[in-house]
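Novice: Numbering of the sequence shown is given in the numbering used here, commencing with residue 3 and proceeding in unit increments.
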Amino acid sequence: MTGSQYLLEAGGRLMLVDSGMFQGEKPLRLRNWSEPEFSPGKVDAIVLTHTHLDHIGRVPRLVQLGFRGSIFCTPPTQALAEILLLDAAHLQKEDAEYLNQKGLTKHQPALPLFDETDVQEAMKLVRPVPLGRVHSVNDAFSFSYRDAGHLLGAASADVVVHENGRSTRVLFSGDVGRFDAVLTKDPELAPDADYLVIESTYGNRTHPEISVIDQLEGVLKKTFARGGVLLIPAFAVGRAQQMIWLMDQLVTEGRIRAFPIHVDSPMAIDATRIYASYPEAHRVSLNGIGGRSLLHGKWVHLHRTRAESQALNDMKGPAVIISSSGMLSGGRILHHCRVRLPKQENTLLITGYQAVGTLGRALLDGASTVRIHKGQVPVLAEVRDLKGLSGHADAGEMLRWLSGVKGRPQAVFVTHGEADAAEALAARVARERGFLARVPALGQAFELAPGAAG
Ligand SMILES: [Zn+2]
């Protein structure tokens, strides 16, 4: 996936909006190592939209290369970014050590893209800015954040560029969430702007109309009737909290009898604490009946240590284990799969997109045996796919989000999606709204004209 990064230049000042990592196949990941086309030391500020690595993952690298300006983000993004970047630094260290041990690298020795120190240096530059407050960066740029849904802390960046006494309003969507989603609020509709830069992850797709909680109820009841354990691989930030809330909801509504939920991921535990500490940021209260925090629910058990994690091996159903990583590409979920997949009473519930080549994808495609930690594991457990939890607006929802634009922008730049998705969304924006919509190439520059909306 393409990392998002936009460079604005006005009156000799430079500002970035997002600085994301390339993720996925190796040729893409190698791009993270390429030198930026600008001098990081000359950039005055970075405005981050949200904490996913494809939006913030290159920040520590820029700091390593001399960036010393301010990094702006919302307060929840500040808290989440620290745990995500430290985790990314840790994974890169492991990858580098693995390559060195196996002699699989041309670079001697293989190095991580950034380390913990780079992350800590980056976090010192962070200046939190709450939603809705106009912040002046310098004489060239000011901005405010608008709720984008999508994820706790996620925002669109509404930037005003000041140059030669004129101003130009440029709205960066960031990742736009869904309407009526689990936990996140509806995205604030796009405002009038001279230019819009919008994401297109689902630009050529429509999400199915399907009740997530009804599907989950069915899966839980079926698994528990067999005396099984439901195993849920989940991203530690966002998905894990949605799953806890949904299950809590089923119990609270009396649709299912209470059952233990084991959260086996230190990162998910940290992220859940952060979720609970921003009660106003969610669609629903995370402090349930009697002020009981979602995190400390009677049935929610948190496991930090490896020993606690291994102690779950002998546990009988009914019970749920939530663990990461979400695509089963590593982490504690693998050892739970090794234990639970060979037994037919259990269920593995996939809750998000599974990239080609991942273990999660193989299981969804019906593999009868899978390879985990160098051993063959027979798959007798049921494998199910929970649909409808995507954090991204689909094409129709992007148009709904754009319905807030009443005037006529000079252009809409459609970015951050596969080429097909971006082209499809651009075509719809042009057809249904009559706006000039373009899909820029990576690295392409545009001269923005000052406009009326600024
Ligand atoms: Zn995102």
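The beta-carbon is built from N, C-alpha and C at its ideal position, and this holds for glycine as well.
When the Cα of Val286 is compared with those of Val214, Met400 and Asp182, which residue comes out closest?
Specialist: Locating residue 286 in the sequence shown gives position 284, counting from the first residue. Out of Val214, Met400 and Asp182, Asp182 has the C-alpha closest to the C-alpha of Val286.
Novice: By DSSP, does Pro442 sit in helix, in strand, or in coil?
Specialist: Against the sequence shown, residue 442 aligns to sequence position 440. Here Pro442 sits in coil by DSSP.
Novice: Whole angstroms are fine: how far does the CA of Ala159 sit from the CA of Ser21?
Specialist: Indexing the sequence shown from 1 puts residue 21 at position 19. Indexing the sequence shown from 1 puts residue 159 at position 157. Straight-line Cα distance between these residues: approximately 14 Å.
Novice: Considering only C-alpha positions, which residue in the set Arg15, Thr53 and Pro320 is nearest to Cys75?
Specialist: Numbered from its first residue, the sequence shown carries residue 75 at position 73. Closest by alpha carbon: Thr53.
Novice: Quick one: what does DSSP say Gly456 is sitting in, helix, strand or coil?
Specialist: By one-based count along the sequence shown, residue 456 stands at place 454. Residue placement at Gly456 cannot be trusted, given a pLDDT of 44 that sits under 50; the coordinates are not used to answer.
Novice: Return helix, strand or coil for Glu118, following the three-state DSSP convention.
Specialist: The sequence position of residue 118 within the sequence shown is 116, counting from 1. Here Glu118 sits in helix by DSSP.
Novice: So what's Ile291 in DSSP terms, helix, strand or just coil?
Specialist: Position 289 of the sequence shown, counted from the start, is the residue given in the question as residue 291. At Ile291, the pLDDT of 49 sits below 50, so the modelled position is not reliable; the number obtained from the coordinates is stated separately. In the structure shown, Ile291 sits in a helix (DSSP, three-state: H, G or I).
Novice: Quick one: residues in its chain with C-beta nearer than 6 Å to the C-beta of Arg129, no 5 flanking neighbours on either side, listed in chain order?
Specialist: Within the sequence shown, residue 129 is the residue found at index 127, counting from 1. Excluding sequence neighbours, Arg129 sits near Ser72 and Phe74.
Novice: Determine whether the beta carbon atoms of Ala242 and Ser279 lie at a separation below 8 Å.
Specialist: Locating residue 242 in the sequence shown gives position 240, where the first residue counts as 1. Locating residue 279 in the sequence shown gives position 277, where the first residue counts as 1. Result no, Cβ atoms of Ala242 and Ser279 do not sit closer than 8 Å.
Novice: Only counting the same chain, and skipping five residues up and downstream in sequence, which positions put a Cβ closer than 6 Å to that of Ala426?
Specialist: Numbered from its first residue, the sequence shown carries residue 426 at position 424. Excluding positions up to five away in sequence, the list reads Gly205 and Asn206.
Novice: Can His57 be considered in contact with ligand 1, in the sense that its beta carbon sits closer than 7 Å to one or more heavy atoms?
Specialist: Mapped onto the sequence shown, residue 57 falls at position 55. Within the cutoff, so yes.
Novice: Count the other CB atoms, across all protein chains shown, that sit within 10 Å of the CB of Ile291; report buried if there are 16 or more and exposed otherwise.
Specialist: Numbered from its first residue, the sequence shown carries residue 291 at position 289. Low confidence applies here, because Ile291 scores a pLDDT of 49, under 50, leaving its location unreliable and the question unanswered by this model.
Novice: I believe Ile258 touches Trp301 by the beta-carbon criterion, under 8 Å. Please report the beta-carbon distance rounded to the nearest angstrom.
Specialist: Looking up residue 258 in the sequence shown gives position 256. Looking up residue 301 in the sequence shown gives position 299. With 8 Å as the limit, Ile258 and Trp301 do not qualify as a contact, their Cβ atoms being about 11 Å apart.
Novice: Taking any heavy atom of ligand 1 as the mark, which residues have a C-beta closer than 5 Å to it, listed down the chain?
Specialist: His54 and Asp177
Novice: According to DSSP, is Val55 helix, strand or coil?
Specialist: Position 53 of the sequence shown, counting from 1, holds the residue named residue 55. The sequence as given places Leu at residue 55; Val does not occur at that position. Three-state DSSP puts Leu55 in a helix.
Novice: For Gly333, which residues from the same chain have a beta carbon less than 8 Å from its beta carbon, with the 5 sequence-adjacent residues on both sides left out?
Specialist: Translated into positions along the sequence shown, residue 333 becomes position 331. Excluding sequence neighbours, Gly333 sits near Ser267, Ser325, Ser326 and Ser327.
Novice: Nearest CA to the CA of Arg275: which residue from Met317, Lys44 and Gly299?
Specialist: Counting from one through the sequence shown, the residue named residue 275 turns up at place 273. For Arg275, the nearest C-alpha among the options comes from Gly299.
Novice: Distance check for Trp247 and Val322, CA to CA, integer angstroms please.
Specialist: On the sequence shown, residue 322 is found 320 positions in, with the first residue counted as 1. On the sequence shown, residue 247 is found 245 positions in, with the first residue counted as 1. Cα-Cα distance, rounded: 13 Å.
Novice: In terms of residue numbering, what span does the alpha helix (DSSP H) encompassing Thr79 cover?
Specialist: Position 77 of the sequence shown, counting from 1, holds the residue named residue 79. Run containing Thr79: Pro77 to Lys104, per the alpha helix (DSSP H) assignment.
Novice: Using the beta-carbon count (16 or more within 10 Å), is Ala1 buried or exposed?
Specialist: Since the displayed the chain opens at 3 and closes at 456, residue 1 lies outside it and no answer follows.
Novice: Does the beta-carbon of Thr170 have 16 or more other beta-carbons within 10 angstroms, so that it is buried, or is it exposed?
Specialist: For the purposes of this step, residue 170 is identified with residue 168 of the sequence shown, where counting begins at 1. Looking at its Cβ environment, which holds 16 or more other Cβ atoms inside 10 Å, Thr170 is buried.
Novice: Where does Tyr277 sit, in a helix, a strand or coil, going by DSSP?
Specialist: Looking up residue 277 in the sequence shown gives position 275. Reduced to three states, the DSSP call for Tyr277 is helix.
Novice: Let me check understanding here. Comparing Cα to Cα, which of Phe174, Glu11 and Ile215 lies closest to Val184?
Specialist: Position 182 of the sequence shown holds residue 184. Comparing Cα positions, the closest option is Ile215.
Novice: Closest to Val249 by CA distance: which of Tyr277, Ala309 and Lys223 is it?
Specialist: As a first step, residue 249 must be located in the sequence shown, where it is residue number 247. First, the residue type needs correcting, since residue 249 is Met and not Val in the sequence shown. Nearest of Tyr277, Ala309 and Lys223 to Met249, Cα basis: Lys223.
Novice: Could you spell out the range, first to last residue, of the beta strand (DSSP E) harbouring Arg225?
Specialist: Taking the first residue of the sequence shown as position 1, residue 225 is located at position 223. A small correction: the amino acid at residue 225 is Thr; Arg does not occupy that position in the sequence shown. Counting along the chain, Thr225 falls outside any beta strand (DSSP E), though it belongs to the alpha helix (DSSP H) covering Val214 to Ala227.
Novice: By Cβ distance below 6 Å, which residues in the same chain neighbour Gly13 in space, the five residues on each side in sequence not counted?
Specialist: In the sequence shown, the residue the question calls residue 13 occupies position 11. Cβ within range, chain order: Ala142 and Glu165.
Novice: Hey, quick one: how far does the beta strand (DSSP E) through Met17 stretch, first residue to last?
Specialist: In the sequence shown, the residue the question calls residue 17 occupies position 15. Counting along the chain, the beta strand (DSSP E) containing Met17 begins and ends at Arg15 to Ser21.
Novice: What are the boundary residues of the beta strand (DSSP E) that Asp367 is part of?
Specialist: On the sequence shown, residue 367 is found 365 positions in, with the first residue counted as 1. Looking at the DSSP string, Asp367 is not in any beta strand (DSSP E), and its letter there is neither H nor E.
Novice: Using CA coordinates, which residue listed in Pro320, Arg148 and Gln7 is at the minimum distance from Val61?
Specialist: For the purposes of this step, residue 61 is taken as the residue at position 59 of the sequence shown. Ranking the options by Cα distance to Val61, first place goes to Gln7.
Novice: Tell me, to the nearest whole angstrom, how far the beta carbon of Asp177 is from that of Thr208; I am working on the premise that it is less than 8 Å.
Specialist: As a position in the sequence shown, residue 177 is number 175, starting the count at 1. As a position in the sequence shown, residue 208 is number 206, starting the count at 1. Not confirmed; about 18 Å, so no contact.
Novice: Tell me whether the beta-carbon of Pro411 lies closer than 8 Å to the beta-carbon of Pro380.
Specialist: Start at 1 with the first residue of the sequence shown, and residue 411 comes out as number 409. Start at 1 with the first residue of the sequence shown, and residue 380 comes out as number 378. With a cutoff of 8 Å on beta-carbon distance, Pro411 and Pro380 are scored as not near each other.
Novice: In the DSSP assignment, find the unbroken alpha helix (DSSP H) run with Leu336 in it and report its ends.
Specialist: For the purposes of this step, residue 336 is identified with residue 334 of the sequence shown, where counting begins at 1. Counting along the chain, Leu336 sits inside the alpha helix (DSSP H) bounded by residues Ile335 to Arg342.
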